[in-house]
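Below you'll find the structure, written out as structure tokens, and then a few comments.
Number of protein chains: 2
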Amino acid sequence: MTTSADGPRFQRLDADRRRAEILAAATAAFATRPYPAVSLTDVAQAAGVARGLINHYFGTKRDLYLEVVREASTVPSVAVEELPDGTVEERIDAAVAWYLDALQESGTTWIAAADPMVMGRDPELEAILTEAENITVDRVLDAVRLGDDPARRDLLRALVRTYGHLARSAAREWLLHETLTRPQVHVLLRRTLLAIVDDVVPEVLGG
Amino acid sequence: MTTSADGPRFQRLDADRRRAEILAAATAAFATRPYPAVSLTDVAQAAGVARGLINHYFGTKRDLYLEVVREASTVPSVAVEELPDGTVEERIDAAVAWYLDALQESGTTWIAAADPMVMGRDPELEAILTEAENITVDRVLDAVRLGDDPARRDLLRALVRTYGHLARSAAREWLLHETLTRPQVHVLLRRTLLAIVDDVVPEVLGG
DNA sequence: CACTCTTGTTGGCGCACCGCCAACAATGGC
DNA sequence: GCCATTGTTGGCGGTGCGCCAACAAGAGTG
Numbered sequence: 087m088t089t090s091a092d093g094p095r096f097q098r099l100d101a102d103r104r105r106a107e108i109l110a111a112a113t114a115a116f117a118t119r120p121y122p123a124v125s126l127t128d129v130a131q132a133a134g135v136a137r138g139l140i141n142h143y144f145g146t147k148r149d150l151y152l153e154v155v156r157e158a159s160t161v162p163s164v165a166v167e168e169l170p171d172g173t174v175e176e177r178i179d180a181a182v183a184w185y186l187d188a189l190q191e192s193g194t195t196w197i198a199a200a201d202p203m204v205m206g207r208d209p210e211l212e213a214i215l216t217e218a219e220n221i222t223v224d225r226v227l228d229a230v231r232l233g234d235d236p237a238r239r240d241l242l243r244a245l246v247r248t249y250g251h252l253a254r255s256a257a258r259e260w261l262l263h264e265t266l267t268r269p270q271v272h273v274l275l276r277r278t279l280l281a282i283v284d285d286v287v288p289e290v291l292g293g
Numbered sequence: 087m088t089t090s091a092d093g094p095r096f097q098r099l100d101a102d103r104r105r106a107e108i109l110a111a112a113t114a115a116f117a118t119r120p121y122p123a124v125s126l127t128d129v130a131q132a133a134g135v136a137r138g139l140i141n142h143y144f145g146t147k148r149d150l151y152l153e154v155v156r157e158a159s160t161v162p163s164v165a166v167e168e169l170p171d172g173t174v175e176e177r178i179d180a181a182v183a184w185y186l187d188a189l190q191e192s193g194t195t196w197i198a199a200a201d202p203m204v205m206g207r208d209p210e211l212e213a214i215l216t217e218a219e220n221i222t223v224d225r226v227l228d229a230v231r232l233g234d235d236p237a238r239r240d241l242l243r244a245l246v247r248t249y250g251h252l253a254r255s256a257a258r259e260w261l262l263h264e265t266l267t268r269p270q271v272h273v274l275l276r277r278t279l280l281a282i283v284d285d286v287v288p289e290v291l292g293g
């Protein structure tokens with residue numbers, strides 16, 4: 087006879103635990119590689135599990151992906167009752183601080199989750215998009231006559247880049263979802279950019 | 087013998103033209119379906135072409151996709167010299183108007199391009215993300231004590247939703263790219279949200 | 001007008017991966 | 001020690017991609 091005592095050929099776990107392990111492996115995979123580059127074979131191997139088991143627990147690959155996003159995009163349940171009762175300014179300041187704290191603690195996971203481009207980072211795709219982004223950004227800086235000092239240029243670019251996301255998002259609300267009208271978007275974009283130019287830039291550079 | 091005069095079995099085009107036709111078909115496909123749901127077979131059929139030809143012109147499927155994004159994300163080359171020489175406020179106003187004009191004309195194509203989630207809309211995925219989004223948005227409205235009136239609630243939500251994109255984008259600059267520091271992000275988020283609450287909301291509701 | 005050379009175009013082979021399912025094995029109850 | 005339960009496996013069928021050798025349409029040439 088051959089050497090016995092080989093032990094069980096596979097470890098038997100209760101459904102919840104196994105599911106969690108697979109989900110963890112899947113999250114790690116989808117967080118680093120873009121969707122098409124993730125193979126269920128890889129995920130299964132990383133989870134130490136047969137390929138078919140993934141289908142058994144999650145259904146299709148797409149279902150698994152949606153589950154990963156769903157889990158990662160759930161906001162950390164930090165208590166919000168701690169917000170003070172002061173003026174609007176004070177409450178805003180506290181809320182921003184809370185938000186940044188929450189981000190810093192929970193790592194970069196759920197920033198990524200809310201954005202499939204970051205989720206499963208694709209350097210080449212990112213390069214293409216930021217390329218187009220920078221063109222628009224420089225155009226804006228030009229229009230506002232603000233990017234003269236090269237030392238401040240990078241900082242300004244970063245600020246305007248974030249503004250660009252606000253702008254695009256507003257455009258989506260207007261053109262795609264029709265939850266905002268054009269005049270409303272106009273006001274929003276004008277006042278926020280003005281706030282950045284008049285308030286944010288001086289405070290950031292002067293501080 | 088069978089009926090002759092079948093004509094040429096396929097039409098012969100110069101490289102540029104054929105390439106453009108395939109790219110058009112691919113753009114249409116990627117614009118409506120998410121990446122994995124787009125098969126090169128479909129694109130080839132839509133372009134009236136053999137599957138292999140796509141590979142010949144664009145290489146891999148991913149390469150084709152990148153090309154589509156690259157083309158779609160190039161900003162329409164509208165002249166920007168028309169911007170007036172007035173105050174900062176006037177220039178901002180003109181720039182915003184120009185931006186909205188450009189969007190309205192060029193359709194929704196390139197808003198989508200800059201955002202792979204919109205490019206190739208995926209309703210289910212979208213639902214998951216906006217779900218998580220709305221939770222955060224309501225939390226913010228709560229913190230600022232602003233969402234009392236149900237009639238105004240939807241409008242406020244839309245505004246804060248766009249602000250959320252600014253916030254996430256700023257967080258990315260801070261945590262992922264390290265192009266902004268935490269204090270800088272803090273100032274940005276505080277002042278822009280304040281501008282929305284103090285300036286945008288009154289003007290939008292009062293106007 | 002035949003012949004050839006160039007080049008756009010095709011069709012299918014090989015491979016990887018997904019979705020599914022029947023057989024199997026590990027644990028708990030009788 | 002046998003059986004029921006259920007977590008787990010391995011492989012079969014199908015689909016889609018990447019590649020390449022053969023082919024055909026048109027232009028040039030004598």
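For the record, the sequence lines run as chains W and A.
Add 86 to the 1-based position in the first sequence for my numbering, that's all there is to it.
Add 86 to the 1-based position in the second sequence for my numbering, that's all there is to it.
Glycine included, every Cβ here is placed at the ideal spot set by N, Cα and C.
Taking CB atoms only, residue 140 of chain A has no neighbour in chain W less than 8 angstroms away. A direct Cα-to-Cα measurement between residue 273 of chain W and residue 180 of chain A gives close to 12 angstroms. Among the residues of chain A, those whose CB is under 7 angstroms from the CB of residue 179 of chain W are 276, following chain order. Contact with chain A is absent for residue 112 of chain W, since none of that chain's Cβ atoms lies less than 8 angstroms from the residue's Cβ. Along the region 245 to 264 of chain A, going in chain order, the ones with a CB nearer than 9 angstroms to a CB of chain W are 245, 247, 248, 249, 250, 251, 252, 253, 254, 255, 256, 257, 258, 259, 260, 261, 262, 263. The C-beta distance from residue 129 of chain A to residue 101 of chain A rounds to 18 angstroms, too long to fall under 8 angstroms, and the pair is not in contact. The beta carbon of residue 283 of chain A is closer than 7 angstroms to those of 230, 232 in its chain, skipping five residues each way along the sequence. By the criterion of at least three beta-carbon pairs nearer than 8 angstroms, the region 233 to 247 of chain W is not in contact with the region 206 to 215 of chain A. When C-alpha distances from residue 213 of chain W are compared across A:148, A:189, A:156, the shortest belongs to A:156. Residue-level contact by beta carbon holds for residue 285 of chain A and chain W, with a gap shorter than 8 angstroms. Taking the Cα positions, residue 191 of chain W is about 12 angstroms away from residue 183 of chain W.
One thing to note: residue 136 of chain W has its Cβ no nearer than 8 angstroms to the Cβ of residue 108 of chain W. Counting C-beta atoms within 10 angstroms of its own C-beta, residue 258 of chain A has 16 or more neighbours from the protein chains shown and is therefore classed as buried.
In the three-state DSSP reduction, residue 270 of chain W falls in the helix class (H, G or I). Going by DSSP, residue 292 of chain A is part of the alpha helix (DSSP H) stretching over 287 to 292. By the Cβ test, the region 117 to 128 of chain A is in contact with the region 116 to 131 of chain W, since at least three Cβ pairs between them sit closer than 8 angstroms. One Cα belongs to residue 268 of chain W, the other to residue 262 of chain W, and the distance between them is close to 12 angstroms. With respect to residue 247 of chain W, residue 178 of chain A sits apart: the two C-beta atoms are not nearer than 8 angstroms. The three-state secondary structure of residue 93 of chain A, taken from DSSP, is coil.
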